[in-house]
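This report refers to the structure that appears directly beneath it.
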Amino acid sequence: MVLQRNTSNLYLQYHICANACLLCCYLLLSTFLCCNHVSVLYWWWQISKDKIFEEIIKLDKSEVLAVDATVIPCSGWALGNIVNLATNHDDLSSSGCFIQGLDFCLYVDVVNCICQNLLESFEKSKGMSQSVGSIAFHAETSVAEEGDTNGSSSMRTLFMDLLKPIYQQWHLRKLLMLAKEDVSCSSGTNYDPTRSLKLSDVVCFYYHMLRIFSSFNPSIGSLPILNMLAFSPGFLVDLWGALEMSIFGQAIQNLQETGHDKQLATRTSGEQVSSTRQRRNAKDAATKWANVLQKITGKSNDSEVGTMSDSILISKQSDDDALTLWDIEAMRHASEGIGKDLMCMMYLFCAIYGHLLLVLDDIEFYEKQVPFTLEQQRKIASALNTFVYNSFVQNGGSYSKPLLDVAVRCLNLLYERDSRHKFCPISLWLAPARNGRIPIAAAARAHEVAFGNFQGNNSSGIPTRSSVFTTLPHVYPFEERVQMFREFIESDKASRRVTGEISGPGPGSIEIVIRRGHIIEDGYRQLNCLRSKLKSCIHVSFVSECGLPEAGLDYGGLSKEFLTDLSKTAFSPEYGLFSQTSASDTSLIPSNSARLLDNGIDMIEFLGRVVGKALYEGILLDYSFSPVFVQKFLGRYNFLDELSTLDPELYRNLMQLKHYDGDVEDLCLDFTVTEELGGKRIVHELRPGGKSISVTNENKLHYVHAMADFKLNRQILPFANAFYRGLSDLISPSWLSLFNTNEFNQLLSGGLQDFDVDDLRNNTKYTGGYTESSRTVKLFWEVIKGLKPTERCLLLKFVTSCSRAPLLGFKYLQPSFTIHKVPCDVTLWASIGGQDVDRLPSASTCYNTLKLPTYKRSSTLRSKLLYAISSNTGFELS
């Protein structure tokens, strides 16, 4: 028997013999696969298929088996025998071929039928659904996880060995060569001996194989077959070509019927995609007409996207037209709107492309544009975005969990890449939910419930509308998600007031005494132990460097000053806890030397609470963290290209190694990395036994990603975990799950660049005798409107200690922006001589107050204000 040639273990041979009656049936079927008597086999298949599967069920339930059939059902062994009898292959290499005279259509049909039966029997026995979306990365739940024994593990390993030809490229190449260009497939269950092999048959074949590998492979799940499929030249492109025709075919027909295609003749040759990429997709009609659609709507083409800024990319579109364009009609009904063949094709495409995106670097994605052009990437993203969104909101219908899981994974990888380096307009991500977004308060409640179910594994497994907020929050505009975040906090404060906790200034708040020269140490000693109680109001009393208590009552201003001053000191690179990622990038990341400090990790945990307190109270901090660090403490994985922001030189070296054409062994590298810490050189192994593993052409990709993983994930993990522990004491992880890394930094430090002067004016208070109609106040607003954006940001930093405006406008600035009158009398002779007030403006940043002298000329006000904000003179002059 075929199985006996792979093992000499008596235990396994006994199990094989116990299945002899079943295998004889399938050996008979396999023999017919190898003959030319198609008509005989056709009638045998037509009559006996159901009876054979009935016998399989009986045999699985019988006591004749040496081991439990739930380890490998009988149909599994039959599958392995058929694959082996249909192929000749070398176990020690990747070479092989099919036997002569094989009926390939029948081979594929029989394998698909057995696979379907095998998966159904496994799901029934285990009561679970398969999810290839997760197994591509961390091996989904399989039989290997359930009380594994040495015997059952060996049995599964043997079973996988029988299927070895499946994940060899010669097997795929032969089937693809025989498949015709027409991807339509008969939906009937009866075998037609006259039909030819189609791409949809091959897709269904590998669709089943992915799920079988993920379920029964004891160690690495479906990785062998995913690796083969992802790196088989042209296969992924062919898959998308077929999908593109199916998904966008109706839109193409509509364009033709309405005559929009006539506009193609009026377009210039400069709007065409590059000729090389166009030739590659020449036979793809869907791509051709999608490019027409692109030109009609005025969107940029691929060659433009690589060079134009995000704002230009977005601003060229009419909002309504863009939203309609990116809401793909064929995907609006989710699984109900697609047939079985298309579902299998989408599943396979998402699984393969999601796997490939893990190793695809930015040079390949954005510059070389392989395997897809940026225009194709946008269409892929829009199709998946529409499909996943509608899978959640149309929860009353049928759905495929395996397809949804793998589509979500692929979509999130595309969105993360777009968040780092734009290739899609914002309207693409917002399009599916443009007409169905629920009110902010209701959305906030739904998100909390959905996240609780997700974390607690209490979900029924059926997608719901509330799942949108945990899975793809990007379909909500950023401003609305910020409003949801503030809604979470206000709701939390209200619930704490109900329990008697103090959330505002006054008696009962937490009182601390802070020495000006020891702000970090005193803050850490008095506040770190409070953990979540830090949400309560803090009353701060400052002690000067002379040891004397400073006058002043804390009604929110001093606590703001305390948080901003503490952050300024602790996040300064000179303090040793954080460092800037590079000279040109001032974003912060924990310093490796922090591990050498006595309480370095504890201090970073405390700073997580400080940042959490600032977010909780709506206090802006004029700092931003490295995307690498934010990704990590938000519980997300950093991929290779993030290394370019952290260590550009190492990233360039790794990219050169990845694309090196020579013999990598000549470079004498091994799987280790040396770290210098405290004057000592520490060698870390990138994988077990890395010191003795040389880097070769075959494993250089593993080395590149292992090195990046060490720098981006392993090395920073202790700091990220500590920061997260502190941050999560005040800010729920579910609240932060709404944002990507760039959005988190905006949440912490406010909007980017300039601000709306009218918004600031409408939310400004006046004290000391000033009113909105005061002459000096009117001059002030005239001067502010005439300043450069950078000068306005300096003014904001001068008054509030942060150069950026609150994300939702100055309505949310706490305390409110205030202009206080500073009376300045001018002598009679000075007034006659045309002199104005000589005093400079000053500020009280703890109260967001600008102390403005009573200037009488706009020129004087402008010059004095610019001098003050440029030289940072402030509080001491008031």
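Everything in the sequence shown is counted per full-length UniProt numbering, starting at 1 for the first residue and increasing by one. Beta carbons are placed, not taken as given, at the ideal position from N, Cα and C, and that holds for glycine. Every value quoted in this text rests on a predicted model; they were computed, and no experiment measured them.
query                                                                                                     : result
Buried/exposed call for N653, threshold 16 Cβ in 10 Å                                                     : exposed
Complete beta strand (DSSP E) runs within the stretch 482 to 550 (minimum length 3 residues, chain order) : 510 to 515, 538 to 543
Through-space distance from P224 to I338, alpha-carbon basis                                              : 29 Å
Nearest-angstrom Cα separation, counted from G234 out to L243                                             : 14 Å
Boundaries (first-last residue) of the beta strand (DSSP E) holding Q376                                  : Segment 374 to 393 is the alpha helix (DSSP H) holding Q376; no beta strand (DSSP E) there.
7 Å Cβ shell around S559 - same chain, five flanking residues per side excluded                           : I538, V540
Same chain, Cβ closer than 7 Å to P432, five either side skipped, listed in chain order                   : D327, N385, T386, Y389, N390, V475
Nearest-angstrom Cα separation, counted from Y766 out to L850                                             : 10 Å
Assumed close pair L577, R434 - CB separation to whole angstroms, cut-off 8 Å                             : Not confirmed; about 44 Å, so no contact.
Which of helix, strand or coil DSSP assigns to P73                                                        : coil
Inter-residue spacing [alpha-carbon to alpha-carbon] between T564 and Q168                                : 60 Å
Given D103 as reference, the closest of P73, S94, L175, S95 once Cα atoms are compared                    : L175
Under the three-state DSSP convention, the category F159 falls into                                       : helix
Reduced DSSP secondary structure (H/G/I, E/B, other) of V630                                              : helix
First through last residue of the alpha helix (DSSP H) which encompasses Q580                             : It is not in any alpha helix (DSSP H) - Q580 instead sits in the beta strand (DSSP E) that spans 578 to 580.
Whole-angstrom distance between G769 and T818, CA atom to CA atom                                         : 12 Å
Residue nearest to D405 in terms of C-alpha spacing, selected from R173, R211, H705, D709                 : R211
N- and C-terminal bounds of the alpha helix (DSSP H) containing T849                                      : Per DSSP, T849 belongs to no alpha helix (DSSP H); it is in the beta strand (DSSP E), 849 to 853.
Option nearest C113 by Cα separation, candidates A78, S222, G690                                          : A78
Touch test, the stretch 703 to 722 against the stretch 735 to 742, Cβ-Cβ under 8 Å, three pairs minimum   : no
Which of helix, strand or coil DSSP assigns to T860                                                       : helix
Backbone secondary structure at S816 - three-state DSSP                                                   : coil
Per DSSP, cross-strand counterpart(s) of T767                                                             : H820
Residues near G678 by beta carbon distance below 8 Å, same chain, minus five either side                  : S593, L596
Beta-carbon proximity of L411 to S382, cut-off 8 Å                                                        : no
K613 at chain B interface by Cβ criterion, 8 Å                                                            : Absent from the structure: chain B. Only one protein chain is present.
Rounded straight-line distance, which links the Cα of E364 to that of V370                                : 6 Å
F248 versus A351: straight-line alpha-carbon distance, rounded                                            : 21 Å
Alpha-carbon to alpha-carbon, I489 and V498                                                               : 14 Å
Collapsed DSSP secondary structure at I619 in the structure displayed                                     : coil
C-alpha gap between S728 and I512, whole angstroms                                                        : 22 Å
Collapsed DSSP secondary structure at P477 in the structure displayed                                     : coil
Straight-line gap, C846 to S803 (C-alpha atoms, nearest Å)                                                : 14 Å
Exposure label - H421; buried when at least 16 CB within 10 Å                                             : exposed
L677, DSSP secondary structure in three states                                                            : strand
C-alpha gap between L358 and L712, whole angstroms                                                        : 14 Å
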